[in-house]
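Undergrad:
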Amino acid sequence: MTDESQIRKDMRGACSRILYEDSRYIIGVDNNGTDEHNLLVDDAYAFLDRAILNELARADAQRLESSLGMIGGQVLQEMRTKDIPLEELGWALAKAAIRDQEDYASHLVSKE
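Its first residue numbered 522, the sequence shown is counted upward by one per residue in the numbering used here.
(1) CA-CA distance, Pro494 and Leu629?
(2) Going by DSSP, what residues sit across from Gly549 in a beta bridge?
(3) Give me the residue from Leu560, Arg545 and Glu633 with the minimum Cα distance to Leu589.
(4) Which whole-angstrom value describes the C-beta separation of Ala565 and Gln595, a residue pair presumed to lie in contact below a C-beta threshold of 8 Å?
(5) In chain order, what residues of the same chain have a beta carbon less than 7 Å from the beta carbon of Tyr541, not counting five sequence neighbours either side?
(6) Taking 6 Å as the limit between beta carbons, can you name the residues of its chain near Ala537, skipping five residues before and five after?
(7) With DSSP run on the structure shown, which of helix, strand or coil describes Asp624?
(8) In terms of residues, what are the limits of the alpha helix (DSSP H) holding Ala582?
(9) Please say whether Lys530 and Asp563 have beta carbons closer to each other than 8 Å?
(10) Please state whether DSSP places Asp570 in a helix, a strand or coil.
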């Protein structure tokens, strides 16, 4: 099995932009498109499109758990196994979504 540092390194390589990163999470824009996002929680991965990222960023803990159960079961299992609070992921997702919107606004301004 690949160690966690290799998984994080691979994740950084798969992202054109990192929107949020700390010792537990990496959330970034996939190299294949601006609407495709990668989420890594420790060593569990989920793929999110922009609409899902924005929806999860606004979700309370109950909705976040329900949504992760449908689209990111591996991430949800990792969080349960390691007793990671859903609110913590919610904050990381919110910060990533804000950064994504700021980057998009900057892109629009630079086109003028």
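Cβ coordinates follow ideal geometry from the N, Cα and C atoms, glycine included.
TA: Taking the geometry as given:
(1) There is no way to answer for residue 494, as the model of the chain reaches only from 522 to 633.
(2) According to DSSP, residue pairing for Gly549 in a beta bridge involves Ile539 and Asn559.
(3) Nearest in C-alpha terms to Leu589, of all of Leu560, Arg545 and Glu633, is Leu560.
(4) Taking 8 Å as the upper bound for CB-CB distance, Ala565 and Gln595 are in contact here, some 5 Å apart.
(5) Result list for Tyr541: Ile548, Ala613, Lys616, Ala617 and Arg620, in chain order.
(6) At residue 537 the sequence reads Ser, which differs from the Ala that was named. Excluding positions up to five away in sequence, the list reads Val550 and Asn552.
(7) The answer is helix: DSSP assigns Asp624 an H, G or I state.
(8) Element bounds for Ala582: Ala582 to Ile592.
(9) When the beta-carbon positions are compared, Asp563 and Lys530 stay at least 8 Å from each other.
(10) Per DSSP, reduced to three states, the secondary structure at Asp570 is strand.
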